[in-house]
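Only one structure is covered here, and it is reproduced in the block below.
There are 2 protein chains.
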Amino acid sequence: MPRVSQDHLAARRRQILDGARMCFTRYGYEGATVRRLEEATGLSRGAIFHHFRDKESLFLALAEDDARRMADVVAEQGLVQVMRDLLSSTGEHPADWLGTRLEVSRRLRTDPEFRARWAERSQQLTTATRKRLLWQREAGNLRDDVSIDVLTSYLELVLEGLVSHLAMGLPADDLEPVLDVVEESVRRHRGRAATAADERSGTENEEQNISGAR
Amino acid sequence: MPRVSQDHLAARRRQILDGARMCFTRYGYEGATVRRLEEATGLSRGAIFHHFRDKESLFLALAEDDARRMADVVAEQGLVQVMRDLLSSTGEHPADWLGTRLEVSRRLRTDPEFRARWAERSQQLTTATRKRLLWQREAGNLRDDVSIDVLTSYLELVLEGLVSHLAMGLPADDLEPVLDVVEESVRRHRGRAATAADERSGTENEEQNISGAR
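Heads up: the protein sequence lines correspond to chains A and B, in order. No gaps in the numbering here: position 21 of the first sequence is 21 in my numbering, and each next residue is one more. Take the position in the second sequence, starting the count at 1, then add 214; the result is the number in my numbering.
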């Protein structure tokens, strides 16, 4: 296929995903009708379903796209940073993947078939988290008395709690220090990293930003 | 009111709550029709709505009842124990309040009016958690570098993640060690509680069950 067509296809696909994302976030999966998807993307149903077999495929492509972007943040900065982004972007500018993520959570609860299809896709976030933690352990930043698998599950459980918390519309402005606790609890223990004297002098707090889950 | 009538009323109320709990767990709030509530409680709609104004009031009474029982466990054993109970009772014998709790989570997400009514009731779990943590701090079991409010929010966030995790039907058999990490992260730091030599000898692990969030 000539280069120009490929670029065109990719751009069109991008246009559909971006419009669909807004549409799913605003109306939910069920409420995102074909007519609304047309409005949101500025394209006809023919054009949309030329690129994606059906609404389900479109939604899964979107969720996969978001999972990949989250995995990229995890690879660079860790899963706790994904949570911090989520916090700092609520209110006026919610992280654009929050809507998709909430919809994924809801459908996982109510739709066993979706659960199976999603399982493969969600794997990449877990993989990225595990890889990041392994790298941190090798760098000596991670606690070494708990397995990488347990720490990965721990961080994923907190992320799920955070998504649920935000979905329920509970106040989130006091959660930054909670994420500090989370981050610190996967880090190398202070008792091992520092002497008692270091601890009393407060050195450990200055280390906060360079270690652990980030 | 004579004693016998009071006992009778309390027993009848209990009968309705127990039946309704099964009904809501099985069919969800919307699916728990009056006919199904009659079947589940073995009582007529007249008898049911003599005790509770409407379905909404019945559900709230149930949620409140469960919140009180959770608060009792928190007072005795801490919020992490509530989570452990939740884990150990999934599968064949789910904790009987899980159904209600899931329904509460769902309605909080979708029903702003319910959110307001629930806010007052959910306060008692927060209060019980805070009180327990204060008591643990006074006993010297709790870390003292993070405020009680932050630790309370942290534990509640993890609980919400766990409820969400179970609601999505994700595997829970590997979460016990994750809760160990959670419990340990609110406890007094090892670096402060024990010398490096104690740590190497593993003394800290033997302390696991007597301290922290339990």
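We treat Cβ as the ideally placed atom computed from N, Cα and C, and that holds for glycine. What you are looking at is a predicted structure, and each value in this text was computed from that prediction instead of being measured.
For residue 366 (chain B), the enclosing alpha helix (DSSP H) covers residues 362–381. If you look at residue 129 (chain A), you'll find it in the alpha helix (DSSP H) that goes 112–138. With fewer than 16 neighbouring CB atoms inside 10 Å of its own CB, residue 9 (chain A) falls in the exposed class. Within chain B, the C-beta atoms nearer than 7 Å to that of residue 185 (chain A) come from 395, 399, in chain order.
Counting every other CB atom within 10 Å of its CB across the protein chains shown gives residue 136 (chain A) a total of 16 or more, marking it as buried. Among the residues facing chain B, residue 146 (chain A) is included, as its CB has a counterpart in that chain under 8 Å away. Per DSSP, the beta-bridge partners of residue 187 (chain A) are A:142. Counting along the chain, residue 300 (chain B) sits inside the alpha helix (DSSP H) bounded by residues 293–302. Contact annotation for residue 241 (chain B) against chain A: no contact, minimum CB-CB distance about 13 Å [criterion: below 8 Å]. For residue 255 (chain B), the enclosing alpha helix (DSSP H) has its first and last residue at 248–255. Each of B:371, B:286, B:225, B:317 was checked against the Cα of residue 338 (chain B), and the nearest Cα belongs to B:286. Among the residues facing chain B, residue 31 (chain A) is not included, as its CB has no counterpart in that chain under 8 Å away. Where residue 49 (chain A) is concerned, the enclosing alpha helix (DSSP H) starts and stops at 45–51. For the options A:158, A:132, A:157, the alpha carbon positioned closest to that of residue 148 (chain A) is the one of A:132. Chain-ordered, the chain B residues with CB closer than 7 Å to the CB of residue 167 (chain A) read 323. Straight-line measurement puts the Cα of residue 153 (chain A) at about 7 Å from the Cα of residue 392 (chain B). Among the residues of chain A, those whose CB is under 7 Å from the CB of residue 374 (chain B) are 161, 164, 165, following chain order. The three-state reading of DSSP puts residue 11 (chain A) in helix, counting H, G and I together. At least one CB atom of chain A sits nearer than 8 Å to the CB of residue 388 (chain B). In this structure residue 227 (chain B) does not touch residue 277 (chain B) by the C-beta definition: roughly 15 Å separates them, more than the 8 Å allowed.
Contact residues of the segment 113–124 of chain A toward chain B are 115 (C-beta to C-beta distance below 8 Å).
Going by beta carbons, residue 100 (chain A) and residue 145 (chain A) fall outside the 8 Å limit. Assignment of residue 386 (chain B) by DSSP, reduced to helix, strand and coil, places it in the coil class. At least one CB atom of chain B sits nearer than 8 Å to the CB of residue 178 (chain A). Nearest CB-CB separation between residue 296 (chain B) and chain A: not below the 8 Å threshold.
Under the criterion of beta carbons closer than 8 Å, residue 158 (chain A) and residue 292 (chain B) do not qualify as touching, at roughly 18 Å.
Counting the other Cβ atoms within 10 Å of the Cβ of residue 233 (chain B) gives 16 or more, which makes it buried. Judged by pairs of C-beta atoms under 8 Å, the segment 80–89 of chain A touches the segment 162–182 of chain A, as three or more such pairs exist.
Under the three-state reduction of DSSP output, residue 279 (chain B) falls in the helix class. Approximately 16 Å separates the beta-carbon atoms of residue 150 (chain A) and residue 80 (chain A); this is outside 8 Å, ruling out the contact.
Residue 74 (chain A) does not reach chain B, its nearest Cβ partner there being about 17 Å away, counting only Cβ pairs nearer than 8 Å. Nearest Cα to residue 290 (chain B) within the set B:390, B:401, B:344: B:344.
Residue 167 (chain A) counts as buried, since at least 16 other C-beta atoms from the protein chains shown sit within 10 angstroms of its C-beta.
Look at residue 268 (chain B) here: in three-state DSSP terms it is coil, with no helix or strand label. Residue 173 (chain A) and residue 59 (chain A) have their alpha carbons spaced roughly 30 Å apart.
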